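Chains as they are written, first to last, in the UniProt record's numbering: chain A, 1 to 161; chain B, 1 to 161. A short write-up of the structure that comes next.
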DNA sequence: GCGCGATAATTGATGTGTCATCTATTCGTG
DNA sequence: CACGAATAGATGACACATCAATTATCGCGC
């Protein structure tokens, strides 16, 4: 990892930059998740689902659209909706136009949970992320994220397959 | 989430920056993990453990030191070592000096797995991360990560508890 | 209107992370 | 030395993510 050869070895500096970046962002995610869960009783994943549903027409969405909207695989969403349904945060109904499909519907309990979660959510983001950064750093974070996101998208779908 | 009140609401821009940052870093982690696992047959977590052990005196470490070294909770490490032991990558022995404790020992299979994983590992880092960024962006990423890391450390241990 | 590939969603298996709890051992202090 | 607190580590329960396989329905071409 110190010498350069074959085009795939990394310099110490490259490797260190990578490591501190990936480990810290992972730590940030974990800290946020823990804080958020402890303060509101719902997870970050729950929050995404609830928010999307609350903004949807009739507070309901087809599973596929929901998955698309929040950028999850359908299998992941299906499992997650199962758990949320157990807890009464959402309910599932078969889609009226296509009986293969299902709609996730926000329940009243789900609406309440979302309402109570928003403030802790924003507070945690401010405290653990925004407060740490200067405006320039925040701008750099955004630039970085957008660059990486585009790069990953290109890697994922290089023209065809 | 648009208006500012109570000091905890976020501007749209703050929220968007947060979202793209956290979602993209999470996506990067997932992409790396998938690529790495597919190419080498071991996970990123396995890699960290194997690397630490391979560099240790006698290719063995006390569980606590290992956990400390790679920054994991002991419970997490314990579960992970159990799985790695199942696959023959490591072996556990009771510590000679303290019979409460245990040592994780790198097996020959573990050493081989590490050897075969290094190139794919570096390659994935280069391809998904380093290749995406200009030198300035890479420097910004590191600066950002270090700032956040320090901030999180301060939040975690504010002087005493 | 039948048959078959495509699509929507669920399910099961497995790996992973966290928390709370448990067991065994060590150590400090009387 | 004995006892209780602290420590090392393992374990069980649960939430979560990914992958492969499965089920049910749709819709097109004949």
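C-beta atoms are modelled at their ideal positions from N, C-alpha and C, and glycine is treated no differently. Since the structure is predicted, the reported quantities are computational estimates derived from the model, not experimental observations.
query                                                                                                                          : result
C-alpha distance - residue 147 (chain A) paired with residue 34 (chain A), whole-angstrom precision                            : 28 Å
Beta-carbon gap between residue 120 (chain A) and residue 40 (chain A) smaller than 8 Å                                        : yes
Residue 94 (chain B) - partner residues in DSSP beta bridges                                                                   : B:102
Element boundaries [alpha helix (DSSP H), containing residue 194 (chain B)]                                                    : Since the first residue shown for chain B is 1 and the last is 161, residue 194 (chain B) is missing from the structure and cannot be characterised.
Rounded Cβ spacing between residue 63 (chain B) and residue 101 (chain B) (contact assumed at less than 8 Å)                   : 7 Å
Test: residue 88 (chain A) CB closer than 8 Å to a CB of chain B                                                               : no
Inter-residue CB distance, residue 18 (chain A) and residue 125 (chain B) (contact presumed, cutoff 8 Å)                       : 5 Å
Of the listed residues B:93, B:113, B:140 and B:132, nearest to residue 150 (chain A) (C-alpha basis)                          : B:132
Alpha carbon of residue 13 (chain B) to alpha carbon of residue 25 (chain A), nearest angstrom                                 : 20 Å
Other residues of its chain near residue 160 (chain A): CB distance less than 6 Å, five sequence neighbours each side excluded : With a pLDDT of only 39 at residue 160 (chain A), under the threshold of 50, the placement of this residue in the model should not be trusted, and no figure is reported.
Interface residues of the stretch 48–79 of chain B facing chain A [CB-CB below 9 Å]                                            : 71
Residue environment, residue 103 (chain B), which counts as buried when at least 16 other CB atoms sit within 10 Å             : buried
Beta-carbon separation (whole angstroms), residue 28 (chain B) vs residue 144 (chain B), contact threshold 8 Å                 : So it is not a contact: roughly 14 Å between Cβ atoms.
Nearest to residue 85 (chain B) (by Cα), restricted to the options B:98, B:108 and B:99                                        : B:108
Where residue 42 (chain A) meets chain B, residues with beta-carbon distance less than 9 Å                                     : Going along chain B, no residue has its Cβ under 9 Å from residue 42 (chain A), so there is no contact; the nearest lies around 17 Å.
Helix, strand or coil at residue 76 (chain A) [DSSP, three-state]                                                              : helix
Proximity below 8 Å, CB of residue 69 (chain A) to CB of residue 44 (chain A)                                                  : no
Below-8 Å beta-carbon distance, residue 25 (chain B) vs any chain A residue                                                    : yes
Buried or exposed (CB count within 10 angstroms, at least 16 for buried), residue 38 (chain B)                                 : exposed
Exposed unless 16 or more other CB atoms sit within 10 angstroms - verdict on residue 156 (chain A)                            : exposed
Residue from A:60, A:61, A:115 and A:152 with nearest C-alpha to residue 47 (chain A)                                          : A:115
Run of the beta strand (DSSP E) containing residue 156 (chain B), from where it starts to where it stops                       : Where residue 156 (chain B) is concerned, there is no enclosing beta strand (DSSP E), although the alpha helix (DSSP H) it sits in stretches over 135–156.
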